[in-house]
């Protein structure tokens, strides 16, 4: 029996390794099939293809002999090395040069320079505050001054009592005449008297930089007018206003300066009004003839007193500092038009309203004097009475006003009636209500 040649079955196909045709020689590999197998192995993708031997390689195709190709793995792994250049991302760290922005911090030292220039001078100004204690420094001097004021006030009041006793018939006739006065004009005078508290509050607000509560400010002026009739030389009104301003948060030195500014404004307004009315009404006050023997020494004494007062003001350190502080506040007021208008407008209204009270009373009494004459007489009398420290000017203002009205041409009894009417509307009627308001303000901690 003849032996048939054995066919080798390969995955390439039924005919042998190369395909369906196969190879006729048993066990001998076909070179063409080997070359095709090599070409197939090089053409395979990384995902792998089946090799003629039936095994798969993850990196490529297997060769016909079953060994994997290393050339493809080396070629594919090489690109992984370029991934290392990602390290240059580290140079992104040079963004740290933002840290050099920190040198901006040295700019902060520049800030200390700025406060040095503008701020440092202000700090030395603070030592000026000790100057204020110098003004208040000697308490014994203040006590001595208050004793002299009290003694002078007592002397003036005693003199007023003696004058009233000597002229009691005239005062009694004036009171009878006032009882028959025109009620309409007296009502006008009462309205003007009430308005003086509003004008005083307006002037006080103008002398202070910060806004003050309006209602309480008017109430304080009402209470201050009552206190002013109890203590001499305006001490009552000054103490009440000083307490109120400090309660509103102002330092004591600033509050005292504000009161001084208001006082100066009132004196200036009064002087200007006297000058204007005197020019408008020449010869209104007939001053009695004084012999030259009396006239010349009186003028000389007045000049000596004025010069002495000026020298004392220049030599006195505390007084000089106080004047400087007042002038500085006056300049500060005029840098703000609203404050200047309130200060001067309130001061002008205060003087004119008080003069209007006297004018209304004289009109109610049918006094044969023009309103300008009466206003001038009142302003001159109030200016003279300010030199005498009496509570509310009682006694000093009464005598000066009666004298001024008499010199202007009023009968003595009518002049006394006018003075009584003025005092009734501005002092006696509001006195008890004013003291009640003063106590109420103290109880509510406003003062």
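In the UniProt record's numbering, the protein residues as written are 1 to 447.
Beta carbons: idealized from backbone N, C-alpha and C, even for Gly.
None of the values given here were measured: they were computed from a predicted structure.
Collapsed DSSP secondary structure at residue 249 in the structure displayed: Correct three-state label for residue 249: coil.
Nearest-angstrom Cβ-Cβ length linking residue 377 and residue 351, presumed shorter than 8 Å: Beta-carbon to beta-carbon, residue 377 and residue 351 are separated by about 13 Å, too far to satisfy the 8 Å threshold.
Please list the segments of the alpha helix (DSSP H) lying wholly inside the region 222 to 281, counting only runs of 4 or more residues, in order along the chain. Counting only runs of 4 or more, we get 235 to 247, 252 to 280.
**Given residue 205 as reference, the closest of 341, 406, 421, 251 once Cα atoms are compared** = Nearest of 341, 406, 421, 251 to residue 205, Cα basis: 341.
Is it a yes or a no for the region 414 to 427 touching the region 361 to 371, going by three-plus beta-carbon pairs under 8 Å?
-> Result yes; three or more Cβ-Cβ pairs closer than 8 Å.
_Taking 8 Å as the limit between beta carbons, can you name the residues of its chain near residue 209, skipping five residues before and five after?_
Excluding sequence neighbours, residue 209 sits near 332, 336, 339.
- [ ] Would you check if the distance between the CB atom of residue 401 and the CB atom of residue 375 is smaller than 8 Å?
- [x] For residue 401 and residue 375, no; Cβs fall outside 8 Å.
Discussion item. What does the alpha-carbon distance come out to for the pair residue 430 and residue 397?
Written reply: Roughly 18 Å separates the two Cα atoms.
* Give the straight-line distance between the Cα atoms of residue 320 and residue 409, rounded to the nearest whole angstrom. => Taking C-alpha positions only, residue 320 is separated from residue 409 by approximately 43 Å.
(Q) What would DSSP say about residue 411, mapped onto helix, strand or coil? (A) In the three-state reduction of the DSSP assignment, residue 411 falls in the coil class.
So residue 281 and residue 372 are in contact, right, with Cβ under 8 Å, and what is the actual spacing, rounded?
5 Å between Cβ atoms; contact.
Classify residue 244 as buried or exposed, calling it buried when 16 or more other Cβ atoms lie within 10 Å of its own Cβ. That one is buried.
Which value, in whole angstroms, describes the spacing of the CA atoms of residue 357 and residue 211? In this structure, the alpha-carbon of residue 357 lies about 30 Å from that of residue 211.
(Q) Distance check for residue 413 and residue 263, CA to CA, integer angstroms please. (A) Taking the Cα positions, residue 263 is about 33 Å away from residue 413.
Worksheet item: Rounded to a whole number of angstroms, what is the C-alpha to C-alpha distance between residue 241 and residue 379?
Response: Rounded to whole angstroms, the separation of the alpha carbons of residue 379 and residue 241 is 24 Å.
Provide the residue span of the alpha helix (DSSP H) that contains residue 196, from first to last. Counted as a single uninterrupted DSSP element, the alpha helix (DSSP H) harbouring residue 196 occupies residues 183 to 206.
Buried versus exposed, by CB contacts within 10 Å (16 or more), residue 428:
The residue is exposed, with fewer than 16 neighbouring Cβ atoms inside 10 Å.
Rounded C-alpha distance that separates residue 435 from residue 219 = In this model, residue 435 and residue 219 are separated by some 11 Å (Cα to Cα).
Residue range of the alpha helix (DSSP H) that residue 213 falls in? Annotation for residue 213: no alpha helix (DSSP H) segment contains it, and DSSP assigns it neither H nor E.
Item to check | residue 66 burial status per 10 Å Cβ neighbour count (16 or more: buried) | outcome: Only weak support exists for where residue 66 lies, its pLDDT of 40 falling under 50; the value from the coordinates is given anyway. Residue 66 is exposed by the Cβ-count criterion.
Segment limits, alpha helix (DSSP H) that includes residue 359: Annotation for residue 359: the continuous alpha helix (DSSP H) segment containing it runs 337 to 364.
Item to check | Whole-angstrom distance between residue 399 and residue 384, CA atom to CA atom | outcome: In this model, residue 384 and residue 399 are separated by some 10 Å (Cα to Cα).
- Task: State yes or no: is the C-beta of residue 203 within less than 8 Å of the C-beta of residue 353?
- Result: Taking 8 Å as the Cβ cut-off, residue 203 and residue 353 do not qualify as a contacting pair.
Q: State the DSSP-derived secondary structure class of residue 394, mapped to helix, strand or coil.
A: DSSP places residue 394 in the coil class of the three-state scheme, outside both helix and strand.
Practice task
May I have the straight-line CA-CA distance separating residue 179 from residue 222, to the nearest angstrom?
Solution key: Between the alpha carbons of residue 179 and residue 222 lies a distance of about 26 Å.
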